[in-house]
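Report on the following structure.
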Amino acid sequence: IAGITQAPTSQILAAGRRMTLRCTQDMRHNAMYWYRQDLGLGLRLIHYSNTAGTTGKGEVPDGYSVSRANTDDFPLTLASAVPSQTSVYFCASSDSAGGGYTDTQYFGPGTRLTVL
Amino acid sequence: GQNIDQPTEMTATEGAIVQINCTYQTSGFNGLFWYQQHAGEAPTFLSYNVLDGLEEKGRFSSFLSRSKGYSYLLLKELQMKDSASYLCAVREGDYKLSFGAGTTVTVRA
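Respectively, the protein sequence lines represent chains G and F.
Take the first sequence: its letters are residues 5 to 120, numbered as in the working numbering.
Take the second sequence: its letters are residues 11 to 119, numbered as in the working numbering.
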């Protein structure tokens, strides 16, 4: 069982380009999340999905979009990248979004993105 | 939103004990998590508290006081491999996790 995989591992991108970060989980978790991690700021939630077909905005959603066509995949798209989107991006998933111990979030290995 | 505060850095000696404090302010507390994150890696789950008191898991323990908005993570018998960042995260409502900036623990021989 792989858990959560993310691709690419790292990417250097020119400003203005479109980029999709991929996230796939094989744990059949209902909920999935995208975070960015910046030095001194900790992890911040970008978007989330409680179940396939639904998505919601987190703390820092501007400039990002997501889709959840099925349970396993949760891609994050930067429509027109800007240098302030340089960060490490983590995808996470949890069994459900209803609270409780089983809703522990498990993280993928991350994507290091640099926008020049 | 919430404010989550934890120290930026701590240093301790191998075999010693270190306590990482976390204070928070929230309007809808629904659990507190501690994660460990080694440099360049993903956060990994350590502990979960939703009721007041101490949860013990081997060398790691986590304490919660909801009335004080306070938690700590206790690392005993420190090993070199415990050098990492430790993230305090508070769940508000059903799903949303808010993270502190993390505490970098350095274990010296």
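Using N, Cα and C, we set each Cβ at its ideal position, and we do this for glycine too.
Under 6 Å Cβ to Cβ from Val70 of chain G, same chain only, skipping five residues before and after it: list those, please. Closer than 6 Å at Cβ, skipping near neighbours: His51, Thr59, Leu80.
Which residues in chain G sit within 8 Å of Lys106 of chain F, going by Cβ to Cβ distance? Under the 8 Å cutoff, chain G gives Leu49, Tyr52, Gly62.
Kindly say whether Pro17 of chain F, judged by its beta-carbon, lies nearer than 8 Å to any beta-carbon of chain G. It does not; no Cβ of chain G falls within 8 Å.
What would DSSP say about Gly11 of chain F, mapped onto helix, strand or coil? Because the pLDDT at Gly11 of chain F is just 46, under 50, the model does not fix this residue reliably, and the value given afterwards should be weighed accordingly. DSSP places Gly11 of chain F in the coil class of the three-state scheme, outside both helix and strand.
Residues of the region 62–77 of chain G whose Cβ lies closer than 9 Å to any Cβ of chain F, in chain order: Of all residues in the region 62–77 of chain G, Gly62, Glu63 have a Cβ within less than 9 Å of some Cβ in chain F.
Could you work out which residues of chain G lie near Ala52 of chain F, taking near to mean beta carbons separated by less than 7 Å? Per Cβ cutoff of 7 Å: Phe94, Phe111, Gly112, Pro113, Gly114.
Three-state secondary structure (DSSP) of Gln109 of chain G: Shown here, Gln109 of chain G sits in coil according to DSSP, grouped into three states, outside any helix or strand.
Establish whether the CB of Thr28 of chain G and some CB of chain F are separated by less than 8 Å. Interface residue (Cβ-Cβ distance to chain F less than 8 Å): Thr28 of chain G is not classified as such.
So for Gln89 of chain G, helix, strand or coil by DSSP? It is helical.
Let me confirm a value: Ala26 of chain F is counted as buried when at least 16 other C-beta atoms fall within 10 Å, else exposed. Which label applies? Counting Cβ neighbours within 10 Å, Ala26 of chain F comes out exposed, since fewer than 16 surround it.
Residues of the region 54–81 of chain F with Cβ closer than 9 Å to any Cβ of chain C, in chain order: In the structure shown, chain C does not exist; the protein chains are G and F.
Leaving out the 5 sequence neighbours to the left and right, which residues in its chain are closer than 6 Å to Tyr34 of chain G when beta-carbon positions are compared? Correcting the residue identity first, residue 34 of chain G is Asn in this sequence and not Tyr. Same-chain partners within the cutoff: Thr55, Ser100.
Within 8 Å of any Cβ in chain F, is that where the Cβ of Thr58 of chain G sits? No, its Cβ sits nowhere closer than 8 Å to a Cβ of chain F.
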